[in-house]
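Taken in sequence, the protein lines are chains P and S.
According to the numbering used here, the first sequence is numbered sequentially starting from 3.
According to the numbering used here, the second sequence is numbered sequentially starting from 18.
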Amino acid sequence: MSYLVMETHPAYAVLLDEEGRFLKAANLRYQVGDTVQDIVELQPPKAKSPALWKPLSGVAGLAACLCLVFFGYYQPNYTAYGTLRIQINPDVEMTVSRTDRVLGLDGLNEDGEALIAGYAYQGKDRETAAGELVERAIDMGYLSDGETVSITVTSADADWQAREEQEAREDLEERYGQTIVIQIGPLEEEPPATEIVIPVTPPTPEPTPEPSPEPTAPPAIPDNTDYGTSGDGVTDYQDTDYGPYADGVTDYTDTGGETYSDGVTDYEARDDDDWDDSRDDGDDDDDDDSEDDDDGGDDD
Amino acid sequence: MVRTEHSIVGQVYEAKTDPEAADRLIGQYMGFIRSETVKFTHAAPEDGHEDELSIAMLAFYEAILSYEKGRGAFLPYAARAIRNRLIDHYRAEKRHGNVISLHTPLGTEEDGGELLDTIPDTVDHADAYETRTASQREIQEFGAQLAAFGISFSDVADNCPRQERTLAACRRVLDHARAHPELLDRLVETGRLPMNELAAGSGTDKKTMERHRKYLVAILLAFTNGYEIIRGHLRQLAPAKGGSGK
Numbered sequence: 003m004s005y006l007v008m009e010t011h012p013a014y015a016v017l018l019d020e021e022g023r024f025l026k027a028a029n030l031r032y033q034v035g036d037t038v039q040d041i042v043e044l045q046p047p048k049a050k051s052p053a054l055w056k057p058l059s060g061v062a063g064l065a066a067c068l069c070l071v072f073f074g075y076y077q078p079n080y081t082a083y084g085t086l087r088i089q090i091n092p093d094v095e096m097t098v099s100r101t102d103r104v105l106g107l108d109g110l111n112e113d114g115e116a117l118i119a120g121y122a123y124q125g126k127d128r129e130t131a132a133g134e135l136v137e138r139a140i141d142m143g144y145l146s147d148g149e150t151v152s153i154t155v156t157s158a159d160a161d162w163q164a165r166e167e168q169e170a171r172e173d174l175e176e177r178y179g180q181t182i183v184i185q186i187g188p189l190e191e192e193p194p195a196t197e198i199v200i201p202v203t204p205p206t207p208e209p210t211p212e213p214s215p216e217p218t219a220p221p222a223i224p225d226n227t228d229y230g231t232s233g234d235g236v237t238d239y240q241d242t243d244y245g246p247y248a249d250g251v252t253d254y255t256d257t258g259g260e261t262y263s264d265g266v267t268d269y270e271a272r273d274d275d276d277w278d279d280s281r282d283d284g285d286d287d288d289d290d291d292s293e294d295d296d297d298g299g300d301d302d
Numbered sequence: 018m019v020r021t022e023h024s025i026v027g028q029v030y031e032a033k034t035d036p037e038a039a040d041r042l043i044g045q046y047m048g049f050i051r052s053e054t055v056k057f058t059h060a061a062p063e064d065g066h067e068d069e070l071s072i073a074m075l076a077f078y079e080a081i082l083s084y085e086k087g088r089g090a091f092l093p094y095a096a097r098a099i100r101n102r103l104i105d106h107y108r109a110e111k112r113h114g115n116v117i118s119l120h121t122p123l124g125t126e127e128d129g130g131e132l133l134d135t136i137p138d139t140v141d142h143a144d145a146y147e148t149r150t151a152s153q154r155e156i157q158e159f160g161a162q163l164a165a166f167g168i169s170f171s172d173v174a175d176n177c178p179r180q181e182r183t184l185a186a187c188r189r190v191l192d193h194a195r196a197h198p199e200l201l202d203r204l205v206e207t208g209r210l211p212m213n214e215l216a217a218g219s220g221t222d223k224k225t226m227e228r229h230r231k232y233l234v235a236i237l238l239a240f241t242n243g244y245e246i247i248r249g250h251l252r253q254l255a256p257a258k259g260g261s262g263k
């Protein structure tokens, strides 16, 4: 390939190759009109490398901006970071962002619902909202002089929680400190909530002590009264003297009761004997004397 | 210190677009380029190292073109560019091996002729000189006409399509224009490219033509009138027009 020198500069020459390209090359002592063979062509600055990351840089920049907006603005302002609970009698819970913006308001009891009904918390900060809620509570008659407002802050961030409690307390004390009592922590009027209930399982009553065969056994079929694993239907209850299973043989005949049951009692005979004995004893003294006498008499 | 560096940066940025400013800057820093070359060759450029000096100057010019403010000071950047370019040059020379050894003694000759040329040189020398002056004249004329369009050869070189496909597209435009000489006449008369006709006739995208407008103007002008030497040089481009050339 030969090149026609078209123009010369100190540092380079413009050459025309045989295919119609105009090139810049090192000016190796060329003169215009020369036809040259070996050239050292100029390497055009590569514009490629920026083109590679340029479209990406836009995306990256956008992403960075979004990150900045999210972490720098959105997250501290619009994501819940903790809750602040105000207990007067109405029980109200505020969801608060890191930068003290109130994100939500919940009534935890009926009075709380009533207190926050119609209250627009949007865009307000914790200090304003807490102050206004207490004011509302005073207006609505939930809170009067000397009563206690309890504030509880809950968050995963202990530092934030402590600081928030402190600030909330200071804010409220500054405004209502003369009239009401501000207290940190849950209201003390609800010890039942903190009371630990140990569930004591009551001792299960013994499942009706096994009835002895004789007394007041129901004439029912003993199958119904089988207990536990021994419920094979075969029990000793058949041995009763009562009901259809009674064998008609009672051992009562052996007892002395039978003799009494004939209506004929030996009370008199037995009493007589006793009575006779006693009477005999009384008589015996006399008798002994007499008998002694008799004996003596006999001896005589 | 800081101020001078700053002025260099300004000059470099000016030289990026303005060839004359580039020439001035290179002339101003010739000593620097020379010293960088000597650092590499360990010999005066006059002792058979003119090529290295030329290449160093080219490297300096490349450094001007590719320099960006964020890359630090210009002169260290240029020094690095010169050094890299000379290393490249030596490697390329080494690859040629024996061919170089034939060239080297001839490189010192001021005529710029080559050993192979010296054999017919006795016959051609006067003729070659004549051809050269003729072509010189023609090229000057061509350059003057281009200047009337507000275009310099440097602009054309910068504007030249680098991709083979684009070059082929431009060639199609040229072929179409040559098939319709009235279009070439219109270019000369009005000083404007008849874009619509050329685009429609050659099937080349108008945007491509617009991007390489300067190059197209130059190459079309070369095929208007005269410029036989240039056209002769471009005979690969113009197989149809076998009559031209010498």
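All residues carry an ideal CB built from backbone N, CA and C; glycine is no exception.
Discussion item. On the criterion of 16 or more Cβ atoms from any shown chain inside 10 Å, does residue 93 (chain S) qualify as buried, or is it exposed?
Written reply: With fewer than 16 other beta carbons inside 10 angstroms of its own, residue 93 (chain S) counts as exposed.
Item to complete: Would you identify the three-state DSSP class for residue 83 (chain S), choosing helix, strand or coil?
Response: Residue 83 (chain S): helix per DSSP, three-state reduction.
Discussion item. Which residues in chain P have a C-beta closer than 8 angstroms to the C-beta of residue 170 (chain S)? List them in chain order.
Written reply: Those are 8, 9, 16, 24, listed as they occur along chain P.
Worksheet item: If you follow the beta strand (DSSP E) that residue 89 (chain P) is part of, which residue opens it and which one closes it?
Response: Annotation for residue 89 (chain P): the continuous beta strand (DSSP E) segment containing it runs 82-89.
Worksheet item: Mind checking if residue 62 (chain P) is an interface residue toward chain S, Cβ cutoff 7 angstroms exclusive?
Response: It does not; no Cβ of chain S falls within 7 angstroms.
Worksheet item: If you follow the alpha helix (DSSP H) that residue 216 (chain S) is part of, which residue opens it and which one closes it?
Response: 212-219 is the extent of the alpha helix (DSSP H) around residue 216 (chain S).
Discussion item. Using beta carbons (cut-off 7 angstroms, strictly below), is residue 226 (chain S) in contact with chain P?
Written reply: No, residue 226 (chain S) lies away from the interface with chain P (no Cβ there is under 7 angstroms from its Cβ).
Worksheet item: Can you tell me whether DSSP reads residue 166 (chain S) as helix, strand or coil?
Response: Reduced to three states, the DSSP call for residue 166 (chain S) is coil.
Discussion item. According to DSSP, simplified to helix, strand and coil, what is residue 289 (chain P)?
Written reply: Because the pLDDT of residue 289 (chain P) is 47, which lies under 50, any placement of that residue in the model is unreliable, and the number read from its coordinates should be weighed accordingly. In the structure shown, residue 289 (chain P) sits in a helix (DSSP, three-state: H, G or I).
Worksheet item: Where are the alpha helix (DSSP H) runs, 4 residues long or more, that stay fully inside the segment 93-137 of chain P, in chain order?
Response: The segment 93-137 of chain P contains, as complete alpha helix (DSSP H) runs of 4+ residues, the segments 112-118 (chain order).
Worksheet item: Hey, is residue 173 (chain S)'s beta-carbon within less than 7 angstroms of any beta-carbon in chain P?
Response: Yes - at least one Cβ of chain P is within 7 angstroms of the one on residue 173 (chain S).
Item to complete: Compare the C-beta of residue 58 (chain P) with all C-beta atoms of chain S and state if any pair is closer than 7 angstroms.
Response: So no, residue 58 (chain P) is outside the interface.
Practice prompt. Could you spell out the range, first to last residue, of the beta strand (DSSP E) harbouring residue 24 (chain P)?
Written response: Counting along the chain, the beta strand (DSSP E) containing residue 24 (chain P) begins and ends at 24-28.
Worksheet item: Among S:56, S:42, S:55, S:83, which residue has its Cα nearest to the Cα of residue 45 (chain P)?
Response: Taking each of S:56, S:42, S:55, S:83 in turn and checking the Cα distance to residue 45 (chain P), the smallest one comes out for S:83.
Item to complete: Pair every Cβ in the segment 61-75 of chain P with every Cβ in the segment 96-116 of chain S, then say whether three or more of these pairs are closer than 8 angstroms.
Response: By the Cβ test, the segment 61-75 of chain P is not in contact with the segment 96-116 of chain S, since fewer than three Cβ pairs between them sit closer than 8 angstroms.
Worksheet entry | For residue 182 (chain P), three-class secondary structure by DSSP | In this structure, residue 182 (chain P) counts as coil in the three-state DSSP scheme.
Worksheet item: Identify the residues that DSSP records as bridge partners of residue 14 (chain P): which are they?
Response: Bridge partners of residue 14 (chain P): P:28.
Worksheet item: Straight-line CA distance for residue 269 (chain S) to residue 91 (chain S)?
Response: Residue numbering for chain S in the displayed model covers 18 to 263; residue 269 (chain S) lies beyond these limits and cannot be assessed.
Item to complete: Residues of the segment 56-82 of chain S with a CB closer than 8 angstroms to any CB of chain C: list them in chain order, please.
Response: No chain C appears in this structure, whose protein chains are P and S.
Item to complete: Thinking residue 129 (chain P) and residue 159 (chain P) are a contact (beta carbons under 8 angstroms), I'd like their distance in whole angstroms, please.
Response: No, residue 129 (chain P) and residue 159 (chain P) are not in contact; Cβ-Cβ is about 18 angstroms, not under 8 angstroms.
Item to complete: Output, in chain order, the set of chain P residues within a Cβ distance shorter than 9 angstroms of residue 247 (chain S).
Response: Simply 6, 8, 18.
Worksheet item: Does the segment 185-196 of chain S come close enough to the segment 72-92 of chain P that 3 or more CB-CB pairs lie under 8 angstroms?
Response: No, the segment 72-92 of chain P does not touch the segment 185-196 of chain S.
Worksheet item: What did DSSP end up calling residue 75 (chain S) once you bin it into helix, strand or coil?
Response: In the three-state DSSP reduction, residue 75 (chain S) falls in the helix class (H, G or I).
Discussion item. Only counting the same chain, and skipping five residues up and downstream in sequence, which positions put a Cβ closer than 6 angstroms to that of residue 106 (chain P)?
Written reply: So the list reads 97, once near-sequence residues are dropped.
Fill in: C-alpha gap between residue 235 (chain S) and residue 99 (chain S), whole angstroms
Straight-line Cα distance between these residues: approximately 32 angstroms.
Worksheet item: Does residue 99 (chain S) come within less than 7 angstroms of chain P when only Cβ atoms are used?
Response: So no, residue 99 (chain S) is outside the interface.
Discussion item. Suppose contacts are defined by Cβ-Cβ distances below 7 angstroms. Is residue 156 (chain S) in contact with residue 12 (chain P) by that definition?
Written reply: It is not a contact, given that the beta carbons lie outside the stated cut-off.
Worksheet item: Is the number of C-beta pairs between the segment 158-177 of chain S and the segment 3-18 of chain P that are closer than 8 angstroms three or more?
Response: With the cut-off at 8 angstroms, the segment 158-177 of chain S and the segment 3-18 of chain P touch.
Worksheet item: Given residue 240 (chain S), which residues of its chain have a CB within under 8 angstroms of its CB, disregarding the five upstream and five downstream residues?
Response: Here the set comprises 191, 194, 195, 201, 248, 255.
Worksheet item: If you run the structure through DSSP and keep just helix, strand and coil, what is residue 5 (chain P)?
Response: Of the three classes helix, strand and coil, the one that applies to residue 5 (chain P) here is strand, per DSSP.
Practice prompt. Return the CA-CA distance between residue 208 (chain S) and residue 166 (chain S), expressed in angstroms with no decimal places.
Written response: Taking C-alpha positions only, residue 208 (chain S) is separated from residue 166 (chain S) by approximately 7 angstroms.
Discussion item. Measuring only the C-alpha atoms, how far is residue 127 (chain P) from residue 101 (chain P)?
Written reply: Separation of residue 127 (chain P) and residue 101 (chain P) (C-alpha to C-alpha, rounded to the nearest whole angstrom) is 8 angstroms.
Worksheet entry | residue 169 (chain P): CB within 6 angstroms of a non-hydrogen atom of the ligand HEM | For the ligand HEM, the structure offers nothing, since it holds no ligand at all.
Worksheet item: Which residues, in chain order, does the segment 40-52 of chain S contribute to contact with chain P at a C-beta distance below 7 angstroms?
Response: Only 40, 43, 44 from the segment 40-52 of chain S bring a Cβ to less than 7 angstroms from some Cβ of chain P.
Practice prompt. For residue 118 (chain S), decide whether its Cβ has a neighbour in chain P, counting only Cβ atoms nearer than 7 angstroms.
Written response: Its pLDDT being 49, under 50, residue 118 (chain S) is placed unreliably by the model, and the measurement read from it follows with that caveat. In terms of beta-carbon proximity, residue 118 (chain S) stays away from the interface with chain P, with every pair separated by 7 angstroms or more.
Practice prompt. For residue 149 (chain P), name the three-state secondary structure that DSSP assigns.
Written response: In this structure, residue 149 (chain P) counts as coil in the three-state DSSP scheme.
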